[in-house]
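In the numbering used here, the protein residues as written are 394 to 712.
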């Protein structure tokens with residue numbers, strides 16, 4: 394397997410007119426890159442963190458953070474997915490990211506959660522997919538061998554809603570559906586009609602591609618949004634049967650599924666229970682390993698078998 398560093402060295406060398414030798418290792422790009430991608434059509438600059446696998450990418454995962462997050466978020470998942478061969482593209486969404494909330498406090502958080510920000514995120518995702526395709530087609534250094542036919546989208550909280558829109562949620566509303574991704578991973582998702590399964594099934598009727606929902610027994614309300622663990626689990630119930638899966642972890646809360654290596658303290662926004670804090674390391678390990686195995690099955694055709702490492706009250710369901 395050709396390493397990405399070798400690929401980058403070759404690509405950079407080809408792009409240097411009259412170059413007689415490959416650039417030194419010091420001149421090669423790092424395995425983790427931070428960039429700013431410009432969507433000229435919207436005059437919108439997106440901070441991006443690229444997490445490259447050690448060898449040639451086997452697939453692509455685009456990841457959308459939650460409210461008040463940033464491109465460095467979800468690093469636990471990103472490292473696990475990259476270790477499995479995926480190029481992980483962590484997006485940062487201006488207007489609902491950490492920078493937008495830094496000075497505005499709770500007022501800014503409320504503003505960042507409005508529908509227009511979700512629409513902007515949906516457009517960010519579609520732009521990022523198009524940009525990846527453009528780089529591959531343009532033979533940009535390191536991008537030629539990226540398999541854009543093996544693409545997945547994931548996200549946490551507000552990013553999970555971004556993921557749902559990309560997969561086909563509310564198809565008759567703000568349609569952000571993109572046909573290219575083959576699989577989706579939603580960490581702590583939420584529905585518009587959290588107490589109406591019949592209406593939610595109508596909204597999710599177009600979500601027919603493989604979709605993994607990750608939530609848990611303490612994954613409830615954040616900032617008075619009325620969510621409960623059951624309403625988040627209902628996302629799985631609302632998706633048509635055939636290619637859906639649910640990972641339910643006992644004791645896992647909303648911030649468990651943010652996937653941050655640095656633990657979010659119990660004093661952040663809402664109180665976190667001791668059971669969630671104490672179990673976070675094992676919860677992270679389960680989410681990372683099971684979501685990775687599931688993605689490898691959907692993108693590479695490698696059967697995952699039974700979900701490994703579940704606790705007695707945890708669940709992994711498929712329908």
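Ideal Cβ placement from N, Cα and C applies to all residues, glycine included.
Checklist line | Simplified DSSP assignment, three categories, for residue 448 | finding: strand
Check: Out of 556, 495, 609, 425, which has the shortest C-alpha to C-alpha gap to residue 650?
Finding: 609
Check: Using 8 Å as the threshold, is the segment 597–605 in touch with the segment 651–668, meaning 3 or more CB pairs across them?
Finding: no
Next item on the list: Tell me where the alpha helix (DSSP H) around residue 471 begins and ends.
Entry: 468–476
Margin query: According to DSSP, simplified to helix, strand and coil, what is residue 437?
Written below: strand
Next item on the list: Check the C-beta distance from residue 479 over to residue 450 and give it rounded, since I have them as a contact under 8 Å.
Entry: 7 Å
Check: By the 10 Å Cβ neighbour count, where 16 or more other Cβ atoms means buried, how is residue 542 classified, buried or exposed?
Finding: exposed
Next item on the list: Mark residue 710 as exposed unless 16 or more other C-beta atoms lie within 10 angstroms of its C-beta, in which case mark it buried.
Entry: exposed
Margin query: On the criterion of 16 or more Cβ atoms from any shown chain inside 10 Å, does residue 418 qualify as buried, or is it exposed?
Written below: Annotation note: pLDDT 29 at residue 418 (below 50); position unreliable, no value reported.
Notebook entry, point to check: Around the C-beta of residue 701, are 16 or more other C-beta atoms found within 10 angstroms, so that it is buried, or is it exposed?
Noted result: exposed
Note to self: With distance defined between alpha-carbon atoms, name the residue in 633, 586, 482, 593 nearest to residue 618.
What the structure shows: 586
Check: When the Cα atoms are used, what is the spatial distance from residue 539 to residue 697?
Finding: 23 Å
Item checked: Residue environment, residue 671, which counts as buried when at least 16 other CB atoms sit within 10 Å -> exposed
Check: First and last residue of the beta strand (DSSP E) that includes residue 576?
Finding: 576–580
Item checked: Start and end residues, beta strand (DSSP E) containing residue 609 -> 604–611
Check: Going by Cα to Cα distance, which pick from 504, 612, 473 is closest to residue 456?
Finding: 473
Margin query: Please return the same chain residues whose Cβ sits closer than 6 Å to the Cβ of residue 648, not counting the five positions on each side in sequence.
Written below: 657
Checklist line | For residue 427, the residue or residues it bridges with in DSSP | finding: 442
Next item on the list: Give the secondary structure of residue 690 by DSSP, where H, G and I count as helix, E and B as strand, and everything else as coil.
Entry: helix
Note to self: Going by beta-carbon coordinates alone, are residue 485 and residue 558 separated by less than 8 Å?
What the structure shows: no
Check: What number of angstroms, rounded off, separates the C-alpha of residue 549 from the C-alpha of residue 582?
Finding: 7 Å
Item checked: Endpoints, beta strand (DSSP E) assigned at residue 708 -> 708–711
Checklist line | For residue 457: DSSP bridge partner residues | finding: 484, 548
Check: Would you say residue 518 and residue 570 are within 8 Å of each other, going by their C-beta atoms?
Finding: no
Item checked: 4-residue-minimum alpha helix (DSSP H) runs that sit fully inside the segment 515–563, ordered along the chain -> 551–560
Check: Apart from the five residues on each side of it in sequence, which residues of its chain come closer than 8 Å, Cβ to Cβ, to residue 690?
Finding: 696, 697
Notebook entry, point to check: Would you call the CB atoms of residue 510 and residue 488 closer than 8 Å?
Noted result: yes
Check: Among the residues of its own chain, which have a CB less than 7 Å from the CB of residue 712, if the five just before and after it don't count?
Finding: 634, 637
Notebook entry, point to check: Among 564, 580, 428, which one has its Cα closest to the Cα of residue 593?
Noted result: 564
Check: Residues in its own chain within less than 6 Å of residue 677 by CB, not counting five upstream and five downstream?
Finding: 469
Check: If we count the other Cβ atoms within 10 Å of its Cβ and call it buried at 16 or more, is residue 481 buried or exposed?
Finding: buried
Notebook entry, point to check: So which of 505, 524, 575, 562 has the shortest CA-CA distance to residue 461?
Noted result: 505
Notebook entry, point to check: Between the beta-carbon of residue 454 and the beta-carbon of residue 547, is there less than 8 Å?
Noted result: yes
Next item on the list: Measure from the alpha carbon of residue 491 to the alpha carbon of each residue in 500, 508, 463, then state which is nearest.
Entry: 463
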